[in-house]
Amino acid sequence: MARKKPNQNDATAPTAATAVAGGEASAEAKTKNKKTKENKKKKASSDVRHISASKIVYTAATGTEYQIDVEKMCQKNLLKGTLRAIVYKPVLGDSSAWYYDATW
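Numbering (this note's numbering), first residue to last: 10 to 113.
Right under this line is the structure:
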């Protein structure tokens, strides 16, 4: 089977910055890729603390802290003090959806 030569306009084509002889990524490119993955994990994760049997406080990826009260089914923005209802909505089929209702 003939090997296809990479096109210079091809985004997947190796460049001098990302490849060395043998086709492996350089140590610098690997380090940069690892740091990018770690940053994505930090942004995606949130900090959750239990403050009582029915309440938790979590920090969203944006840095905003919210308190969730599952007994009252509401979410409170701790900085602004705004409340939003937690609402369950059945969806056709076997799925369901939970969302925050700002009109509450």
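Beta carbons are placed, not taken as given, at the ideal position from N, Cα and C, and that holds for glycine. If you're wondering where the values come from, they're calculated on a predicted model, not measured in any experiment.
List the whole-angstrom C-beta distance separating residue i from residue j, where the pair is believed to meet the contact cut-off of C-beta under 8 Å.
i, j, result
"T73", "L88", "6 Å"
In the DSSP output, which residue or residues are listed as bridge partners for residue i?
i, result
"I65", "H59, I77"
"L88", "None; L88 has no bridge partner."
"A94", "C83, D110"
Roughly how many whole angstroms lie between the Cα atoms of residue i and residue j?
i, j, result
"K85", "P99", "24 Å"
"L101", "A69", "30 Å"
"C136", "A94", "A query on residue 136 cannot be resolved here, the shown segment of the chain reaching from 10 to 113 and no further."
"K81", "V96", "11 Å"
"Y75", "T112", "17 Å"
"G32", "T71", "With a pLDDT of 48 at G32, under the threshold of 50, the predicted position of this residue should be treated as unreliable, though the coordinate-derived value follows. Each residue's Cα considered, the two are about 39 Å apart."
"I60", "D103", "33 Å"
"R58", "Y67", "6 Å"
"V79", "K64", "6 Å"
"D56", "S105", "25 Å"
What I want to know is whether the C-beta of residue i ends up closer than 6 Å to one or more non-hydrogen atoms of the ligand PLP.
i, result
"V79", "The ligand PLP is not among the ligands present in this structure, which contains no ligands whatsoever."
Taking the beta strand (DSSP E) that residue i falls in, what are its first and last residues?
i, result
"A106", "105-110"
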